[in-house]
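Data first, discussion second: the structure below is written as C-alpha cells.
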Amino acid sequence: MSAQNPTSTQAMTPASPPVAPATGGWQRGGAQAIRRRITDRAVGVACIVATVVVVYLLFSILWTLIVRGGAGLSLPTFTHSTAAPGTGGGLANAIVGSLEQTGLAALIGTPLGMMAGVYLSEFSCDGRIVSLVRFVSDMMLSVPSILVGLFVYLIFVEPAGHFSGWAGMFALTILFIPVVVRTTEDMLRLVPRAMREAAYALGAPSWRVILSVCLRAARGGIMTGVLLALARISGETAPLLFTSLGNLNWSTSLNAPMASLPVTIYQYAGSAYDDWVQMAWTGALLITAAVLATSILARWWLLRNGSVK
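Residue numbers (full-length UniProt numbering): 1 to 309.
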C-alpha cells in the first residue's frame, strides 16, 4: 500500500467558509441595551422631578394657607356671623351654610351616583338608555359649574321668586353625581369576573352578588370617587351665586338665601378692608382643612376595614 499524500488529501477537503466575527451582534445588542438604560434613567429622573415639583406646589399652597389663614383663627370666627368691616365678625353662618348645602348634596348624590354606576356596569346591554346615561354623565364631568348655576336658577330660583339653600344644594348635587357615577362604573369593571362567577355558583342572586361581592371589592375606589366629588363641590362659588346667593345674617333655613364659605371668600377676597381679606384667607384654610380631614378619616376607615393596603 502506498502512503497517502497529505497534500492531495488537503486538496480534496472542501474549504470552510470564512466565519464572520461574532462581536458584531454583541456590539449591536450592547448599543441597544445602553440606549434602553439611558432612556429608562431619563424617564425615571423626569418622573422624580415632576413628583418633586407637584409636591412642592401642593405644600407651598398649604403652607401659604396656614400662614395667611391661621392668623385669623379665633373663637369669634366660629361663633360670630359675618358682619360689617371693623366690627369683629366671624364665619359661623358661612360654615353652617356650607355644611348644610354640601352635606345634603353628598347625602343625596352618593346613593344616586352609585346606583347609576352599578346599572351601567352590571345591567347595561349597550342599549340606547345606557348610552344616553353614559354620554350625559361624561358630559357633566366637564361642564362649567356656572352653567349648572344658571340652569338651576332658571328652573328653581326664578319660578320660586327668591334664592334659597335648596337651590344651592340642588346645584351642588348636579355637580356631585357625575363624578360618583363614573368612578363607581370604572371600579366595578375592575372587579374580576371570577369573583362574580364564584358567587353565582354558590346560588347567590344578582343583587346579593353586587352588594356583597362587587361593591365590597370596589369600595376603596368608590370612596375615593366620593371624596373627589366632595372636594369639587366644597369650593364651588359660581353655582351658589345664582342659587343660594349668600346671607350676611344668621340663617339656617334652606328656604331663604343662605351663606356659604365659597361665596363669603369670593366677596371678602376682593374687598378693600384688611379684616375681610383676613377672613377670606381663614375661610380658604377652613375649606382645605375640612376636605383634608375628611380624606384622612376615610383613608383610615378603609385601612381599618382592609379595603386599602
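Backbone N, C-alpha and C fix where the C-beta goes; we use that ideal spot for every residue, glycine too.
### Message
Is the separation between the beta-carbon of GLY221 and that of THR183 shorter than 8 Å?
### Response
yes
### Task
Compare the C-alpha of PHE123 against each of MET139, GLU185, GLY90 and name the closest.
Considering only alpha carbons, the answer is GLU185.
### Query
Do you know whose CA, among ARG128, ALA105, SER137, lies nearest GLY117's CA?
SER137
### Residue range of the alpha helix (DSSP H) that includes TYR153
Note, TYR153: premise wrong, no alpha helix (DSSP H); not H, not E.
### Query
LEU65 and ALA284: beta carbons closer than 8 Å?
yes
### Message
I'd like to know if the region 208-216 and the region 161-175 are in contact, where contact means that at least 3 CB-CB pairs between them fall below 8 Å.
### Response
With the cut-off at 8 Å, the region 208-216 and the region 161-175 do not touch.
### Task
Determine the burial state of THR9: buried for a count of at least 16 other Cβ atoms within 10 Å of its Cβ, exposed for fewer.
Model confidence at THR9 stands at a pLDDT of 48, short of 50, so the residue's coordinates are unreliable; what they give is reported in the following sentence. So THR9 counts as exposed.
### Rounded Cβ spacing between ILE233 and THR102 (contact assumed at less than 8 Å)
6 Å
### Task
List the endpoints of the continuous alpha helix (DSSP H) containing TYR268.
261-269
### Task
Label TRP26 either buried or exposed according to how many other C-beta atoms from any shown protein chain fall within 10 Å of its C-beta, with 16 as the threshold for buried.
Note on TRP26: pLDDT 46, under 50, position unreliable in the model; the coordinate value appears next. Label assigned to TRP26: exposed.
### Query
Taking 7 Å as the cut-off, is the CB of ASP40 close to at least one heavy atom of the ligand SAM?
What this structure holds is no ligand at all, so the ligand SAM is not there to describe.
### Task
Compute the Euclidean distance between the alpha carbons of ALA280 and LEU297, then round it to the nearest angstrom.
26 Å
#### Entry: Opening and closing residue of the alpha helix (DSSP H) in which PRO178 lies
First-last of the alpha helix (DSSP H) with PRO178: 165-189.
### Task
Flag this pair as touching only if the region 260-276 and the region 231-246 have three or more C-beta atom pairs under 8 Å; answer yes or no.
yes
### Task
Assign THR282 to one of three DSSP states: helix, strand, or coil.
helix
### Query
From MET187, CYS214, LEU190, pick the residue whose C-alpha is nearest to that of ALA199; which is it?
Ranking the options by Cα distance to ALA199, first place goes to CYS214.
### Message
In the DSSP assignment, the alpha helix (DSSP H) including ASN305 goes from what residue to what residue?
### Response
Element bounds for ASN305: n/a, residue is neither H nor E.
#### Entry: Alpha-carbon spacing of ILE38 relative to ILE155, whole angstroms
60 Å
### Task
Would you check if the distance between the CB atom of ALA256 and the CB atom of SER164 is smaller than 8 Å?
yes
### Query
On the three-state DSSP scale, how would you describe ASN93?
helix
### Task
Pick helix, strand or coil for VAL291, following the three-state DSSP scheme.
helix
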